[in-house]
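Numbering (the working numbering), first residue to last: 5 to 146. Every residue, glycine too, gets a C-beta built ideally from N, C-alpha and C.
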């Protein structure tokens with residue numbers, strides 16, 4: 005039930021994957037990546053065709069290792085129904101999405117318990133689309 009206006013995020017294990025898809029990384033985006041990845045930050049950039057793509061490098065060890073072992077970026081939504089509070093454990097995911105997904109990998113409880121911050125880097129200035137674990141003020145200091 006994910007709204008079409010909410011695109012999926014590409015989860016990566018290194019910034020080389022981003023460079024491959026977008027070409028050059030804007031300096032501010034590079035500083036955000038250096039400071040907050042792996043971590044709760046989704047950065048939206050334009051790909052080589054001019055389409056917007058969200059990138060995230062998760063800090064969950066299980067998710068990170070799965071992406072790294074796959075050797076390619078992994079497209080994935082968050083583990084909740086759009087608009088609902090994000091789950092913080094596999095048990096909560098099962099409760100919310102029971103029957104809607106085929107498998108759950110239990111990587112333990114989330115460290116933070118709130119959504120990632122989403123920053124759109126496609127315009128003249130960075131725009132915080134969703135304030136999550138990283139505040140607008142923190143983003144503004146980079």
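Counting along the chain, where does the beta strand (DSSP E) carrying residue 46 start and finish?
-> 45-50
Look up residue 110 in the DSSP assignment and say whether it is helix, strand or coil.
-> coil
In the structure shown, what three-state DSSP assignment does residue 92 receive?
-> coil
Give a yes or no on whether 8 Å exceeds the smallest Cβ distance from residue 106 to chain B.
-> The chain inventory of the structure shown lacks chain B, comprising one protein chain alone.
Between the beta-carbon of residue 60 and the beta-carbon of residue 120, is there less than 8 Å?
-> yes
Determine the direct distance from the alpha carbon of residue 85 to that of residue 102, and round the result to whole angstroms.
-> 11 Å
Have a look at residue 38 and residue 107 and give me their C-alpha separation to the nearest angstrom.
-> 32 Å
Assuming residue 65 contacts residue 111 under a Cβ cut-off of 8 Å, what Cβ separation, rounded to an integer in Å, is found between them?
-> 7 Å
Determine the direct distance from the alpha carbon of residue 79 to that of residue 53, and round the result to whole angstroms.
-> 18 Å
Where does residue 19 sit, in a helix, a strand or coil, going by DSSP?
-> helix
Would you identify the three-state DSSP class for residue 103, choosing helix, strand or coil?
-> coil
Per-residue DSSP class, three states only, for residue 124 | strand
Taking only runs of the alpha helix (DSSP H) that begin and end inside the stretch 28-87, which ones reach a length of at least 4 residues, in chain order?
-> 31-40, 65-74
DSSP on residue 98, reduced to helix/strand/coil?
-> helix
Cβ contact check for the stretch 122-136 and the stretch 30-47: 3 or more pairs under 8 Å = yes
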